[in-house]
Amino acid sequence: MKPGATTVRIAAGQGFWGDWLEAPYRQVTGGPIDYLMMDYLAEVTMSILQKQKSRDPSLGYAKDFIPLLERILPIVAERRIKITANAGGVNPRGCAQAVAETARRLRLGGKVRIGVVTGDDLLGRLDGLLARGHELRNLDTGRPLSEVRDRVLSANAYLGAWPVVEALRGGADIVVTGRVTDTGLTLAPMIHAFGWQPDAWDLLAAGTVAGHTIECGAQCSGGNCLVDWEHIPDLANVGYPIVDAAPDGTFEITKHPGTGGRISVAGVKEQLVYEMGDPAEYITPDGIADFTTIRLEQKGKDRVRVSGVRGRPATDKLKVSIGYFYGYKAVGTLVYAWPDAYKKAQAGDRILRQRLADLGLKFESVLTEFLGADATHGPLARASAPLDRLPEVQLRIGVRSPDKAAVERFTREIAPLILNGPPSVTGFAGGRPKPEEIVAYWPALLDKNMVEPCVEVVDV
Amino acid sequence: MRRRSRTRRVLLVEIAHARSGDKGDTANVGLIALKPEYYPILVKQVTAARVARHFKGMISGPVERYELPNLHALNFLLHGALDGGGTISLKTDAQGKVFSTALLRLEVALPQ
Numbered sequence: 001m002k003p004g005a006t007t008v009r010i011a012a013g014q015g016f017w018g019d020w021l022e023a024p025y026r027q028v029t030g031g032p033i034d035y036l037m038m039d040y041l042a043e044v045t046m047s048i049l050q051k052q053k054s055r056d057p058s059l060g061y062a063k064d065f066i067p068l069l070e071r072i073l074p075i076v077a078e079r080r081i082k083i084t085a086n087a088g089g090v091n092p093r094g095c096a097q098a099v100a101e102t103a104r105r106l107r108l109g110g111k112v113r114i115g116v117v118t119g120d121d122l123l124g125r126l127d128g129l130l131a132r133g134h135e136l137r138n139l140d141t142g143r144p145l146s147e148v149r150d151r152v153l154s155a156n157a158y159l160g161a162w163p164v165v166e167a168l169r170g171g172a173d174i175v176v177t178g179r180v181t182d183t184g185l186t187l188a189p190m191i192h193a194f195g196w197q198p199d200a201w202d203l204l205a206a207g208t209v210a211g212h213t214i215e216c217g218a219q220c221s222g223g224n225c226l227v228d229w230e231h232i233p234d235l236a237n238v239g240y241p242i243v244d245a246a247p248d249g250t251f252e253i254t255k256h257p258g259t260g261g262r263i264s265v266a267g268v269k270e271q272l273v274y275e276m277g278d279p280a281e282y283i284t285p286d287g288i289a290d291f292t293t294i295r296l297e298q299k300g301k302d303r304v305r306v307s308g309v310r311g312r313p314a315t316d317k318l319k320v321s322i323g324y325f326y327g328y329k330a331v332g333t334l335v336y337a338w339p340d341a342y343k344k345a346q347a348g349d350r351i352l353r354q355r356l357a358d359l360g361l362k363f364e365s366v367l368t369e370f371l372g373a374d375a376t377h378g379p380l381a382r383a384s385a386p387l388d389r390l391p392e393v394q395l396r397i398g399v400r401s402p403d404k405a406a407v408e409r410f411t412r413e414i415a416p417l418i419l420n421g422p423p424s425v426t427g428f429a430g431g432r433p434k435p436e437e438i439v440a441y442w443p444a445l446l447d448k449n450m451v452e453p454c455v456e457v458v459d460v
Numbered sequence: 461m462r463r464r465s466r467t468r469r470v471l472l473v474e475i476a477h478a479r480s481g482d483k484g485d486t487a488n489v490g491l492i493a494l495k496p497e498y499y500p501i502l503v504k505q506v507t508a509a510r511v512a513r514h515f516k517g518m519i520s521g522p523v524e525r526y527e528l529p530n531l532h533a534l535n536f537l538l539h540g541a542l543d544g545g546g547t548i549s550l551k552t553d554a555q556g557k558v559f560s561t562a563l564l565r566l567e568v569a570l571p572q
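Going down the list, the sequences are from chains A and B.
Residue 1 is where the first sequence starts when you use the working numbering, and the numbers rise one by one after that.
Residue 461 is where the second sequence starts when you use the working numbering, and the numbers rise one by one after that.
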């Protein structure tokens, strides 16, 4: 794909780390595509990866990316499909090395070039940045990072599409990145294919909208789709979305023929509003997209055309995602059966809370939910549900505390309720709940010129 | 003879669909009219103040509303909805994935 291309086809293969392993394989074999885009990183994923890297310096990337590539790499190489993936996590070079080893094992030496995008990792630079007056205040609370500095586990700036473009221009077939935005992974192939300029704000916004539309995989092609959900065909065989992009910034969302799911205007709308803030200001490192300018049109079966997208210049800041140790939590559950399932669960909750209080345990929060009654809709559900007739209710109690011992003691108080609490209780096969370390998310902004993306392209 | 009522009360689920997600301790709910003619009803009746009342006891912060007339959709930000959000939250719905469906329980007056 060279600048001046007339269309480019970008297929989504993963919407998050842990997404369907079959999807990338089906995307590269189900019909022609130019690019396979795989998004692995959610807000707290970086901290999990940082922990893995601290135990083993060769880790810190999405490990299952490697066996997945092993399966698709021969096809990808033969069909000249390029891959953009932020599977590199906090160790893109380690990830690239593992990719290179896989390629060599598959005898693809000389046939595949790997691009590596780094420079997002700020963990080693934090103190220097703070010393120079970059406070990295929490975007939600306004607190300066210095308050939790000693508990920080990871810190990564969100890079945009341009470093990925640079890797593609350098001849990379597989671009492995750290914390590159989800949307940048889709926008980059368009910039590369069409030669879009860094100040072509409407075009960059259009590519960003394309990226947002497919970044959650099947969530725009029939998965998790509420509208007409019962009639969406063959979700077992769901087709992941594909963007057919044009140089003028218009694009169509579609999927491979013969696959399940559905690409409809209503379904695409659902994905467009997902995780949305101010729709007129969808801010990325590459520019600001105005979602109130998007026009959608059903062009045919499983084909939606997107046009009209307007953009504005990028800001001079980058978002930084910081993970820090917060404390501990644990969640315990028990199931109570009819008759009086809900009342029994409520009694179980009262008794447990009294025991926790009698033990003098201190928690930052104790939260009780009654699954089957009000866990997701709260008082709105209680107002309409026949609470006295429920066949079963799951009591779910969670605690959170900086004190690990308190959380551990809590985990021992669930099982005794089976024999010394309200009757008709079951569902404890999973055993005692385990205290879990909480890595919390600290969003902040940093001056863009403080971050220097680094791009390498290596032969295998 | 009694005058025939010109509106009927329906739940939002009959005229709209929705999807929600999270940003920290804020849940967003995108509310989309099932038909273009329903959009003005959403704009007029599903105000930020009404949504805040609807979610009383479930959220601790304010509600913001944004309009997307091009998609016949409204976007609501429900602040303080997720018990701290993300990994901190003890809620089943820690990422606000189904807040959208709770909004669809809201009642609106549909012109006959």
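Note that CB positions come from ideal geometry on N, CA and C, so glycine has one too.
Note that the coordinates shown come from a computational prediction; the quantities given were computed from them, not determined experimentally.
R523(B), DSSP secondary structure in three states | A quick correction: the sequence has Val, not Arg, at residue 523(B). Note: V523(B) maps to strand in three-state DSSP.
G477(B): first and last residue of the uninterrupted beta strand (DSSP E) it sits in = A small fix is needed here, since residue 477(B) is His in this sequence, not Gly. Segment 476-483, the beta strand (DSSP E) holding H477(B).
Cα-Cα separation, A383(A) to P285(A) | 45 angstroms
Measure the C-alpha to C-alpha separation of G490(B) and S549(B) and round it to an integer number of angstroms.
-> 22 angstroms
Under the three-state reduction of DSSP, which class applies to R132(A): helix, strand or coil?
-> coil
Between the region 533-553 of chain B and chain A, which residues of the former have CB atoms less than 7 angstroms from a CB of the latter, in chain order?
-> A533, N535, L537, D543, G546, T547, I548, L550, K551, T552, D553
To the nearest angstrom, how far is it from the Cα of A562(B) to the Cα of A245(A)?
-> 36 angstroms
Step through the CB atoms of chain B and report whether any lies within less than 7 angstroms of the CB of V227(A).
-> yes
If you compare alpha carbons, which of A314(A), E275(A), F410(A), D388(A) is closest to T333(A)?
-> F410(A)
Applying the criterion that 16 or more other CB atoms from any shown protein chain within 10 Å of the CB defines a buried residue, is I75(A) buried or exposed?
-> exposed
What residues in the region 377-389 of chain A have a beta carbon less than 7 angstroms from any beta carbon of chain B?
-> H377, G378, P379, L380
Quick one: Cα of M1(A) to Cα of F325(A), how far?
-> Confidence at M1(A) is low in this model, with a pLDDT of 46, below 50, so the placement of that residue should be treated as unreliable; the coordinate-derived value is given next. So the alpha carbons of these two residues sit roughly 44 angstroms apart.
Give the residues of chain A in contact with I425(B), contact being defined as C-beta atoms less than 8 angstroms apart.
-> Because chain B here runs from 461 to 572, residue 425(B) falls outside it and cannot be looked at.
Sub-7 angstroms separation of P144(A) and R137(A) beta-carbons = yes
Cutoff 8 angstroms; reference A415(A); Cβ partners in own chain excluding five residues on either side | F428, R432
Please go through the region 324-391 of chain A and give each complete beta strand (DSSP E) segment of 3 or more residues, from N-terminal end onward.
-> 365-371
Please classify M1(A): does DSSP put it in a helix, a strand, or coil?
-> Per-residue confidence for M1(A) stands at a pLDDT of 46, beneath the threshold of 50, marking its modelled position as unreliable; the derived number appears in the next sentence. Looking at M1(A) - three-state DSSP - the assignment turns out to be coil, as it is neither helix nor strand.
Give the range of the alpha helix (DSSP H) segment to which P74(A) is assigned.
-> 65-78
Run down chain B in chain order and give the residues with a C-beta less than 7 angstroms from the C-beta of K329(A).
-> L550
CB contact check: R71(A) to chain B, cutoff 7 angstroms | no
For A569(B), decide whether its Cβ has a neighbour in chain A, counting only Cβ atoms nearer than 7 angstroms.
-> no
Check whether the Cβ atoms of A289(A) and V209(A) sit closer than 7 angstroms, and answer yes or no.
-> yes
Note the first and the last residue of the continuous beta strand (DSSP E) segment covering R565(B).
-> Where R565(B) is concerned, there is no enclosing beta strand (DSSP E), given that its DSSP letter is neither H nor E.
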